[in-house]
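**Student:** Quick one: structure below, then a few questions.
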Amino acid sequence: MRYEHIKEGRFISRPNRFIAHVDIDGQDIVCHVKNTGRCRELLLPGVPVLLEYHPKAALAGRKTSYDLVAVRKGDLLINMDSQAPNQAAWEWIHRQPLLETEKGVYFSPADIRREVSHGDSRFDLSFVLKDPAGKQPDRPAFMEVKGVTLEEERTALFPDAPTERGVKHLRGLIRAREEGFEAYVLFLIQMKGIRRFSPNDRTHPAFGEALRDADRAGVHILALDCLVTSDGMTADLPVPVML
(Lines of atoms letter the chains of each structure in order from A and count residues from 1; the text may use other names and numbers.)
(Lines give C-alpha, C1' and ligand atoms only; values in the text may rest on other atoms or scores of the structure.)
Protein backbone atom coordinates (compact mmCIF):
# COMPACT_ATOMS: atom_id res chain seq x y z
CA MET A 1 0.00 0.00 0.00
CA ARG A 2 1.20 3.50 -0.82
CA TYR A 3 0.70 7.07 0.37
CA GLU A 4 1.04 10.30 -1.57
CA HIS A 5 2.33 13.75 -0.62
CA ILE A 6 4.31 12.71 2.46
CA LYS A 7 5.49 15.44 4.82
CA GLU A 8 7.76 15.22 7.86
CA GLY A 9 7.12 16.86 11.19
CA ARG A 10 7.57 16.58 14.93
CA PHE A 11 4.83 15.53 17.31
CA ILE A 12 3.65 18.14 19.81
CA SER A 13 0.52 16.82 21.54
CA ARG A 14 -2.65 14.74 21.16
CA PRO A 15 -5.67 16.43 22.74
CA ASN A 16 -7.93 13.47 21.92
CA ARG A 17 -7.95 10.16 20.05
CA PHE A 18 -8.66 11.72 16.69
CA ILE A 19 -6.34 14.69 16.34
CA ALA A 20 -2.75 15.65 17.05
CA HIS A 21 -0.75 18.86 16.92
CA VAL A 22 2.39 18.51 14.81
CA ASP A 23 5.19 20.97 14.08
CA ILE A 24 5.61 21.17 10.31
CA ASP A 25 8.25 23.66 9.20
CA GLY A 26 7.77 25.69 12.37
CA GLN A 27 3.97 25.76 12.22
CA ASP A 28 1.60 24.07 14.67
CA ILE A 29 -0.64 22.00 12.37
CA VAL A 30 -3.71 20.02 13.44
CA CYS A 31 -3.64 16.51 11.95
CA HIS A 32 -5.99 13.54 11.89
CA VAL A 33 -4.60 10.52 13.76
CA LYS A 34 -5.36 7.35 11.78
CA ASN A 35 -5.23 5.19 14.91
CA THR A 36 -7.62 5.51 17.85
CA GLY A 37 -5.43 3.31 20.08
CA ARG A 38 -3.44 4.75 22.96
CA CYS A 39 -0.01 4.73 21.26
CA ARG A 40 1.41 6.38 24.38
CA GLU A 41 4.81 4.78 23.91
CA LEU A 42 4.99 6.17 20.35
CA LEU A 43 3.55 9.67 20.42
CA LEU A 44 6.01 11.45 22.67
CA PRO A 45 6.71 15.19 22.43
CA GLY A 46 9.35 15.92 19.81
CA VAL A 47 9.44 12.53 18.06
CA PRO A 48 9.66 12.63 14.24
CA VAL A 49 6.42 11.70 12.48
CA LEU A 50 5.30 11.26 8.88
CA LEU A 51 2.09 12.71 7.55
CA GLU A 52 0.11 12.32 4.37
CA TYR A 53 -0.96 15.68 2.95
CA HIS A 54 -4.31 15.95 1.18
CA PRO A 55 -4.18 18.98 -1.14
CA LYS A 56 -7.92 18.76 -1.88
CA ALA A 57 -8.99 18.31 1.73
CA ALA A 58 -11.39 21.27 1.72
CA LEU A 59 -13.14 20.08 -1.43
CA ALA A 60 -13.51 16.63 0.09
CA GLY A 61 -15.08 18.07 3.25
CA ARG A 62 -12.18 17.06 5.47
CA LYS A 63 -11.58 18.98 8.70
CA THR A 64 -7.80 18.59 8.42
CA SER A 65 -5.38 18.45 5.51
CA TYR A 66 -2.99 15.94 7.10
CA ASP A 67 -3.14 12.34 8.34
CA LEU A 68 -0.52 11.13 10.81
CA VAL A 69 0.58 7.75 9.38
CA ALA A 70 3.98 6.84 10.86
CA VAL A 71 6.33 7.61 13.73
CA ARG A 72 9.98 6.99 14.51
CA LYS A 73 10.87 5.15 17.71
CA GLY A 74 14.65 5.05 17.97
CA ASP A 75 15.86 3.17 14.90
CA LEU A 76 12.38 1.82 14.11
CA LEU A 77 9.99 3.39 11.61
CA ILE A 78 6.51 2.32 12.72
CA ASN A 79 3.41 2.67 10.59
CA MET A 80 0.49 3.55 12.89
CA ASP A 81 -2.30 3.83 10.32
CA SER A 82 -4.99 1.42 11.58
CA GLN A 83 -6.39 1.08 8.05
CA ALA A 84 -3.06 0.01 6.55
CA PRO A 85 -2.92 -3.61 7.85
CA ASN A 86 -6.10 -4.71 6.04
CA GLN A 87 -4.84 -3.30 2.74
CA ALA A 88 -1.37 -4.79 3.25
CA ALA A 89 -2.91 -8.18 4.13
CA TRP A 90 -5.13 -8.00 1.03
CA GLU A 91 -2.06 -7.41 -1.13
CA TRP A 92 -0.08 -10.12 0.71
CA ILE A 93 -2.64 -12.89 0.33
CA HIS A 94 -2.88 -12.22 -3.39
CA ARG A 95 0.87 -12.89 -3.58
CA GLN A 96 0.62 -16.26 -1.79
CA PRO A 97 0.70 -19.29 -4.09
CA LEU A 98 -0.07 -21.57 -1.11
CA LEU A 99 -1.32 -21.38 2.49
CA GLU A 100 -0.86 -24.09 5.09
CA THR A 101 -4.03 -25.81 6.32
CA GLU A 102 -3.28 -28.99 8.22
CA LYS A 103 0.37 -29.45 9.09
CA GLY A 104 2.31 -30.01 5.90
CA VAL A 105 -0.75 -29.66 3.66
CA TYR A 106 -0.93 -26.57 1.48
CA PHE A 107 -3.77 -25.10 -0.57
CA SER A 108 -3.99 -22.13 -2.91
CA PRO A 109 -6.18 -19.16 -1.86
CA ALA A 110 -8.77 -18.03 -4.42
CA ASP A 111 -12.01 -16.02 -4.57
CA ILE A 112 -10.65 -13.61 -1.96
CA ARG A 113 -13.20 -11.21 -0.47
CA ARG A 114 -13.20 -8.49 2.18
CA GLU A 115 -15.45 -7.92 5.18
CA VAL A 116 -17.53 -11.10 5.19
CA SER A 117 -20.04 -11.89 7.95
CA HIS A 118 -20.34 -15.32 9.53
CA GLY A 119 -22.50 -15.92 12.57
CA ASP A 120 -22.23 -12.85 14.79
CA SER A 121 -18.78 -11.90 13.48
CA ARG A 122 -17.50 -9.95 10.50
CA PHE A 123 -14.08 -11.13 9.36
CA ASP A 124 -11.58 -9.05 7.42
CA LEU A 125 -11.01 -11.63 4.68
CA SER A 126 -12.65 -14.75 3.35
CA PHE A 127 -11.38 -17.03 0.61
CA VAL A 128 -11.54 -20.54 -0.80
CA LEU A 129 -8.54 -22.83 -0.45
CA LYS A 130 -8.04 -25.01 -3.52
CA ASP A 131 -5.89 -28.11 -3.80
CA PRO A 132 -3.33 -27.41 -6.57
CA ALA A 133 -3.43 -31.12 -7.50
CA GLY A 134 -7.23 -31.09 -7.66
CA LYS A 135 -7.48 -34.20 -5.49
CA GLN A 136 -9.13 -32.69 -2.40
CA PRO A 137 -12.30 -30.61 -2.10
CA ASP A 138 -12.20 -26.84 -1.74
CA ARG A 139 -12.00 -25.46 1.79
CA PRO A 140 -13.72 -22.17 2.68
CA ALA A 141 -11.69 -20.03 5.07
CA PHE A 142 -11.87 -16.86 7.15
CA MET A 143 -9.04 -14.58 8.24
CA GLU A 144 -9.01 -11.81 10.84
CA VAL A 145 -6.24 -9.20 10.54
CA LYS A 146 -4.79 -7.34 13.54
CA GLY A 147 -2.36 -4.45 13.15
CA VAL A 148 0.43 -4.39 15.77
CA THR A 149 2.30 -1.22 16.75
CA LEU A 150 3.39 -2.07 20.32
CA GLU A 151 7.02 -3.17 20.67
CA GLU A 152 9.05 -3.96 23.78
CA GLU A 153 12.67 -5.11 23.47
CA ARG A 154 12.05 -6.34 19.89
CA THR A 155 8.95 -8.31 20.89
CA ALA A 156 5.71 -7.26 19.20
CA LEU A 157 2.67 -7.33 21.50
CA PHE A 158 -1.07 -7.20 20.89
CA PRO A 159 -3.27 -5.58 22.06
CA ASP A 160 -2.01 -2.24 23.37
CA ALA A 161 -5.35 -1.72 25.16
CA PRO A 162 -8.15 -4.10 26.24
CA THR A 163 -10.18 -5.24 23.22
CA GLU A 164 -13.41 -7.14 23.79
CA ARG A 165 -13.97 -6.89 20.04
CA GLY A 166 -10.71 -8.76 19.49
CA VAL A 167 -11.80 -11.53 21.88
CA LYS A 168 -15.11 -11.79 20.05
CA HIS A 169 -13.31 -12.19 16.72
CA LEU A 170 -11.19 -15.03 18.14
CA ARG A 171 -14.27 -16.79 19.54
CA GLY A 172 -15.89 -16.40 16.11
CA LEU A 173 -12.89 -18.01 14.42
CA ILE A 174 -13.05 -20.91 16.89
CA ARG A 175 -16.72 -21.48 16.06
CA ALA A 176 -15.96 -21.31 12.34
CA ARG A 177 -13.23 -23.92 12.81
CA GLU A 178 -15.65 -26.16 14.72
CA GLU A 179 -18.06 -25.85 11.79
CA GLY A 180 -15.44 -27.16 9.38
CA PHE A 181 -14.02 -23.90 8.01
CA GLU A 182 -10.32 -23.11 7.92
CA ALA A 183 -9.59 -20.12 10.15
CA TYR A 184 -6.63 -17.75 10.44
CA VAL A 185 -5.67 -14.75 12.52
CA LEU A 186 -2.91 -12.64 11.01
CA PHE A 187 -0.96 -10.24 13.24
CA LEU A 188 0.57 -7.70 10.91
CA ILE A 189 3.47 -6.04 12.73
CA GLN A 190 3.77 -2.53 11.34
CA MET A 191 7.58 -2.37 11.50
CA LYS A 192 10.80 -4.35 10.89
CA GLY A 193 13.39 -5.43 13.45
CA ILE A 194 11.07 -7.70 15.46
CA ARG A 195 12.24 -11.05 16.86
CA ARG A 196 8.94 -12.51 18.08
CA PHE A 197 5.22 -11.89 18.60
CA SER A 198 3.27 -12.59 21.80
CA PRO A 199 -0.17 -11.73 23.18
CA ASN A 200 -0.07 -8.85 25.64
CA ASP A 201 -1.29 -10.74 28.70
CA ARG A 202 -0.32 -7.89 31.01
CA THR A 203 -2.74 -5.49 29.33
CA HIS A 204 -5.56 -7.90 28.42
CA PRO A 205 -5.18 -11.46 29.79
CA ALA A 206 -8.57 -12.47 28.34
CA PHE A 207 -7.30 -11.85 24.83
CA GLY A 208 -4.20 -13.96 25.45
CA GLU A 209 -6.30 -16.81 26.79
CA ALA A 210 -8.68 -16.57 23.82
CA LEU A 211 -5.70 -16.68 21.45
CA ARG A 212 -4.38 -19.82 23.12
CA ASP A 213 -7.87 -21.34 22.95
CA ALA A 214 -7.92 -20.53 19.23
CA ASP A 215 -4.56 -22.24 18.76
CA ARG A 216 -5.80 -25.37 20.52
CA ALA A 217 -8.95 -25.33 18.35
CA GLY A 218 -6.87 -25.39 15.15
CA VAL A 219 -7.02 -21.72 14.21
CA HIS A 220 -3.83 -20.82 12.34
CA ILE A 221 -1.98 -17.98 14.10
CA LEU A 222 0.32 -16.04 11.79
CA ALA A 223 2.56 -13.05 12.37
CA LEU A 224 4.34 -11.05 9.68
CA ASP A 225 6.60 -8.04 9.91
CA CYS A 226 6.35 -5.22 7.38
CA LEU A 227 8.65 -3.18 5.22
CA VAL A 228 7.75 0.37 6.25
CA THR A 229 8.92 3.29 4.15
CA SER A 230 8.10 6.97 4.18
CA ASP A 231 5.41 6.41 1.56
CA GLY A 232 4.02 2.94 2.24
CA MET A 233 3.93 -0.43 3.95
CA THR A 234 4.27 -3.98 2.60
CA ALA A 235 3.77 -7.24 4.51
CA ASP A 236 7.08 -9.08 4.47
CA LEU A 237 8.48 -11.97 6.53
CA PRO A 238 7.08 -14.43 9.09
CA VAL A 239 7.81 -13.72 12.76
CA PRO A 240 7.84 -16.51 15.41
CA VAL A 241 4.67 -16.63 17.50
CA MET A 242 5.21 -17.28 21.22
CA LEU A 243 1.99 -18.05 23.09
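Under numbering that gives the first Met the number 0, think of the first position of the sequence shown as 0, with each following residue one higher. Built from N, CA and C at the ideal position, the CB exists for glycine as well.
1) Check for me: the alpha helix (DSSP H) holding Asp212 runs from which residue to which?
2) Are Ala57 and Cys225 close, meaning C-beta to C-beta below 8 Å?
3) Evaluate the contact criterion for the region 179-193 versus the region 138-145: three or more CB pairs, one atom per stretch, below 8 Å.
4) Ignore the nearest five residues each way along the sequence and tell me which others in Ser12's own chain have a CB closer than 8 Å to its CB.
5) On a CA-only basis, which of Gly60, Leu124, Leu242 is nearest Val115? Give me that one, please.
6) Which value, in whole angstroms, describes the spacing of the CA atoms of Asn15 and Pro136?
7) Express the C-alpha separation of Ala155 and Lys72 in angstroms, rounding to a whole number.
8) Are His117 and Thr162 close, meaning C-beta to C-beta below 8 Å?
9) Counting Cβ pairs closer than 8 Å, one from the region 217-232 and one from the region 161-180, do we hit at least three?
10) Give, in chain order, every unbroken run of the beta strand (DSSP E) that is at least 3 residues long and sits entirely within the region 94-157.
11) With distance defined between alpha-carbon atoms, name the residue in Glu150, Leu223, Leu49, Asp27 nearest to Arg39.
12) Thinking just about the alpha-carbon of each residue, which of Phe126, Tyr2, Asp24 is nearest to the one in Arg243?
**Tutor:** Let me lay it out:
1) Boundaries of the alpha helix (DSSP H) harbouring Asp212: 204-215, taken from the DSSP string.
2) Taking 8 Å as the cut-off, the beta carbon of Ala57 is found no closer than this to the beta carbon of Cys225.
3) The region 179-193 is in contact with the region 138-145.
4) Taken in chain order, the residues that qualify are Ala19, His20, Pro44.
5) Ranking Gly60, Leu124, Leu242 by Cα distance to Val115 puts Leu124 first.
6) Annotation: Asn15 to Pro136 spans about 50 Å, alpha carbon to alpha carbon.
7) Rounded to the nearest angstrom, the two C-alpha atoms are 14 Å apart.
8) Not closer than 8 Å, so no.
9) With the cut-off at 8 Å, the region 217-232 and the region 161-180 touch.
10) Listed in chain order, they are 105-117, 120-129, 138-147, 149-151, 154-157.
11) Nearest option by C-alpha distance: Glu150.
12) The question about residue 243 has no answer, for the chain in this structure spans 0 to 242.
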